[in-house]
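K.L.:
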Amino acid sequence: MSVLFTAVLQTGGNVGPFQGDTTLIFNRAITNVGEAYDISTGLFKAPVTGYYCFSFSYRADKREQSGLTLMKNSEAIVKAFNSNKPGIQHVDNASSTACLELQRGDHVSVVLPNGCHACGIGGTTSFTGFLISKA
Numbered sequence: 196m197s198v199l200f201t202a203v204l205q206t207g208g209n210v211g212p213f214q215g216d217t218t219l220i221f222n223r224a225i226t227n228v229g230e231a232y233d234i235s236t237g238l239f240k241a242p243v244t245g246y247y248c249f250s251f252s253y254r255a256d257k258r259e260q261s262g263l264t265l266m267k268n269s270e271a272i273v274k275a276f277n278s279n280k281p282g283i284q285h286v287d288n289a290s291s292t293a294c295l296e297l298q299r300g301d302h303v304s305v306v307l308p309n310g311c312h313a314c315g316i317g318g319t320t321s322f323t324g325f326l327i328s329k330a
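Following this note's numbering from start to finish, the sequence shown increments by one per residue and tops out at 330.
What follows is the structure, given as structure tokens:
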């Protein structure tokens, strides 16, 4: 069984900041073999128990804090943040990767933390995952 996806945030502008943590919906699937990533909810649902690899990358191009968190169900797994200084324009990129053991039905998502933003222009913010092997 093959399971792999890459999806990008394509909003035409920046997303956030929001009050409270918000699941980021990567609304354009470039690849979605196995249909395990849902572009309407932003959730990856493991179709089989096994070992998976996930990564995200993002661009921040405003004078605000930015960051993303990879979630397994309700548990924060890895994070990437950068904090821009007020009044200074920055363009920053960050990414993180994690290999996880998932049970069938587990959910993996990327969360935009409270007060953070991410860029939704030109495919610069993305989420990728794939099955390494069944357990």
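Ideal Cβ positions, reconstructed from N, Cα and C, are used throughout, including at glycine. Values in this document were obtained by computation on a predicted structure and should not be read as measured data.
Spatial neighbours of R299 within its chain, please: CB distance less than 8 Å, with the 5 preceding and 5 following residues excluded, ordered by chain position.
P.N.:
Counting from 1 along the sequence shown, the entry for residue 299 is found at position 104. The answer, listed in chain order, is A241, P242, V243 and T244.
K.L.:
How many whole angstroms separate the CB atoms of C311 and Q260, which I take to be in contact at a CB cut-off of 8 Å?
P.N.:
The sequence position of residue 311 within the sequence shown is 116, counting from 1. The sequence position of residue 260 within the sequence shown is 65, counting from 1. Their Cβ separation, rounded to whole angstroms, is 5 Å, which keeps C311 and Q260 in contact under 8 Å.
K.L.:
In its own chain, which residues sit with a C-beta less than 6 Å from the C-beta of A271, not counting the 5 before and 5 after it?
P.N.:
In the sequence shown, counting from the first residue as 1, residue 271 sits at position 76. Hits under 6 Å: T264.
K.L.:
Considering only the beta carbon of each residue, do T201 and T323 sit closer than 8 Å?
P.N.:
Here residue 201 is taken as the residue at index 6 of the sequence shown, counted from 1. Here residue 323 is taken as the residue at index 128 of the sequence shown, counted from 1. Closer than 8 Å, so yes.
K.L.:
If you draw a straight line from the alpha carbon of I327 to that of A231, how long is it in whole angstroms?
P.N.:
In the sequence shown, counting from the first residue as 1, residue 327 sits at position 132. In the sequence shown, counting from the first residue as 1, residue 231 sits at position 36. If I take the Cα positions, the gap works out to 14 Å.
K.L.:
Taking its Cβ as the centre, do 16 or more other Cβ atoms sit within 10 Å of S304, making it buried, or is it exposed?
P.N.:
Counting from one through the sequence shown, the residue named residue 304 turns up at place 109. Burial call: buried.
K.L.:
Would you call the CB atoms of K267 and D301 closer than 8 Å?
P.N.:
Looking up residue 267 in the sequence shown gives position 72. Looking up residue 301 in the sequence shown gives position 106. Closer than 8 Å, so yes.
K.L.:
Output yes or no for whether 8 Å exceeds the beta carbon distance between G207 and L307.
P.N.:
Counted from its first residue, the sequence shown places residue 207 at position 12. Counted from its first residue, the sequence shown places residue 307 at position 112. Not in contact: G207 and L307 (Cβ atoms no closer than 8 Å).
K.L.:
Rounded to whole angstroms, what's the CA-CA distance from F239 to G318? Just pull it up for me.
P.N.:
Counting from one through the sequence shown, the residue named residue 239 turns up at place 44. Counting from one through the sequence shown, the residue named residue 318 turns up at place 123. Approximately 19 Å between the Cα atoms of the pair.
K.L.:
Could you tell me the distance, in whole angstroms, from the CA atom of N227 to the CA atom of S197?
P.N.:
To locate residue 227, count along the sequence shown from 1; it is residue 32. To locate residue 197, count along the sequence shown from 1; it is residue 2. Rounded to the nearest angstrom, the two C-alpha atoms are 10 Å apart.
K.L.:
Check for me: the beta strand (DSSP E) holding H360 runs from which residue to which?
P.N.:
The first residue shown for the chain is 196 and the last is 330, placing residue 360 beyond what the model contains.
K.L.:
Between A330, K329 and F325, which has its C-alpha nearest G229's C-alpha?
P.N.:
Looking up residue 229 in the sequence shown gives position 34. Checked all of A330, K329 and F325; the closest Cα to G229 is F325.
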